[in-house]
Ligand SMILES: [Zn+2]
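In our numbering, the protein residues as written are 125 to 632.
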């Protein structure tokens, strides 16, 4: 709803603004200027109607009463023609001319523009129809401006694939439901449970799964028409949506506050961003193109292995965490080190992981190593050698470049976080692979220098070691490596989100 501007504020605006256009705009509080109005056809598939319509810069407004007559629901109009109350499937929706919102119980849904009175009755924006008839009955509304026609179609029920994962870290249980395509649904919070009702769509196949017991989410039941989360007494739930692939995410935690019965969470379609946190993870498969990286005795190339592992990590991360995953390359192309960093920064990454495989003179070196950037120009020759091996000698001397750019390295602000992240990765890898000895190291790695987020480089084994080369060819072993990295990201994310706002440079 656009609140009318008090006269005093209007005067202040007149005094403080010298641009007449801005003042004029403030006086148009009743709605946007009408560009065009007339009669339009409604194509309902089985029948046709004629209604009044208007258009503004924000799109069409259509006469609502004849549409309600065709689509169903009971409409009550207040004595002044203002308040409209539509009852549909035991829910009531309130809207009216001059209001750019529709309310249903405690839920308030903002609209693209205000409804208007019209000569023959209220005219409403299409998103009002989407919110009432689209989300509840599966109708789709399309306006054809050239033909002055409103196309109304009922989408047939679709069978959707869905799988889910539950992660519990530091007092927060995150449940991620991943759908094969964007579902139509409604989320309702009830005492000690959350209900996801599918609207018009159905869940395909046997989606029932047993999950480890959790002290916040006591159970998840999946039926063809929806999902129910059973929550512990006193648990609070927040939900939000991530796209590509489409995921509906629930964070369940205790904060002493209990949701009121029937209290809505964020309605579908309205994206809620997490206030802080790790949202985008950039995976950087090392090498590519003519630059094969290390090559094992059997001909196994580092560039292929690093990409294979990156793809597994991406899949696991998207399944388990509400995060977006970006790859710096997803094919066999050559990507410069500068471009990798630029891609990470452009995508507003919150974590950067460069994936490599080691090689050493001789065949005995084994194990995994995690690096973060060293700003120490007198880094040991050992680190220098490791750096040169990692970035490829044709990319130039990393130490030379480091000295040139030392004062404004993007990575320098994130070194403490990068160290923490590197330690978590190394812990998880050591535990998963039962390896000791090698650990977290610092080196002037050029690929990490320009990255404006916590960043590490992981050497996931030695291709020069025939035993490790054999293991790395096993998809099960690669899954173990990927799983350990995902666990490290999960722990880092939990730690980062536990920090008070403003102290974590990694997540502005
Ligand atoms: Zn490498």
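Idealized CB from N, CA, C, for every residue including glycine.
Nearest to residue 569 by C-alpha distance, out of 557, 247, 582, 563, is 582. Excluding its 5 nearest sequence neighbours in each direction, residue 319 has C-beta neighbours in its own chain below 6 Å: 312, 352, listed in chain order.
Of the residues assessed, residue 193 falls on the exposed side of the cut-off, its CB having fewer than 16 other CB atoms within 10 angstroms.
Assigned with DSSP and collapsed to three states, residue 567 falls in strand.
The Cβ atoms of residue 327 and residue 286 sit closer than 8 Å to each other. By alpha-carbon distance to residue 596, the top candidate from 616, 481, 539 is 481.
Annotation for residue 418 indicates a beta carbon within 7 Å of some heavy atom of ligand 1. In this structure, the CA atom of residue 339 is about 7 Å from the CA atom of residue 356.
About 19 Å separates the CB atoms of residue 240 and residue 173; that is not less than 8 Å, and the two are not in contact. Residue pairing by DSSP places residue 247 opposite 187, 240 in a beta bridge.
Residue 371 and residue 440 have their C-alpha atoms spaced approximately 13 Å apart. Here DSSP, grouped into helix, strand and coil, assigns residue 221 to strand. Relative to the Cα of residue 494, the nearest Cα in the group 552, 473, 376, 589 belongs to 552. Cβ-Cβ distances below 6 Å link residue 490 to 586, 589, 592 in the same chain, with the five nearest sequence neighbours on each side left out; the list follows chain order. Nearest in C-alpha terms to residue 457, of all of 436, 484, 449, 413, is 413. Look at residue 364 here: in three-state DSSP terms it is strand. DSSP, reduced to helix, strand and coil, places residue 214 outside both helices and strands of the structure shown, so it counts as coil. Counting every other CB atom within 10 Å of its CB across the protein chains shown gives residue 479 a total of 16 or more, marking it as buried. DSSP places residue 306 outside both helix and strand once states are collapsed to three, so it counts as coil.
The Cβ neighbour count for residue 155, taken over all protein chains shown within 10 Å, is at least 16; the residue is labelled buried. Between residue 579 and residue 304, the alpha-carbon positions lie close to 31 Å from each other. By the C-beta density criterion, residue 609 is buried, having at least 16 other C-beta atoms within 10 angstroms. In chain order, 164, 184, 186 place their CB closer than 6 Å to the CB of residue 177, counting only its own chain and leaving out the 5 sequence neighbours on each side. It is roughly 15 Å from the alpha-carbon of residue 451 to the alpha-carbon of residue 606.
Scanning the stretch 396–462 from its first residue to its last, the whole alpha helix (DSSP H) runs of 4-plus residues come out as 426–444. Using a Cβ distance threshold of 8 Å, residue 302 and residue 369 count as a contacting pair.
For residue 544, there is no enclosing beta strand (DSSP E); the residue is part of the alpha helix (DSSP H) that begins and ends at 539–557.
Exclusion of the five residues before and after residue 297 leaves 338, 340, 341, 376 as the residues of its chain whose Cβ lies within less than 6 Å of its Cβ. For ligand 1, no non-hydrogen atom lies closer than 7 Å to the CB of residue 491. DSSP, read as helix, strand or coil, puts residue 371 in strand. Residue pairing from DSSP leaves residue 562 without any beta-bridge partner. Counting along the chain, the unbroken alpha helix (DSSP H) around residue 591 starts and ends at 590–596. Using a Cβ distance threshold of 8 Å, residue 374 and residue 299 count as a contacting pair.
Residue 536 carries a helical assignment under DSSP once its states are collapsed to helix, strand and coil. Pairing residue 407 with residue 306, the inter-Cα distance amounts to about 25 Å. Residue 259 has its Cβ no nearer than 7 Å to any heavy atom of ligand 1.
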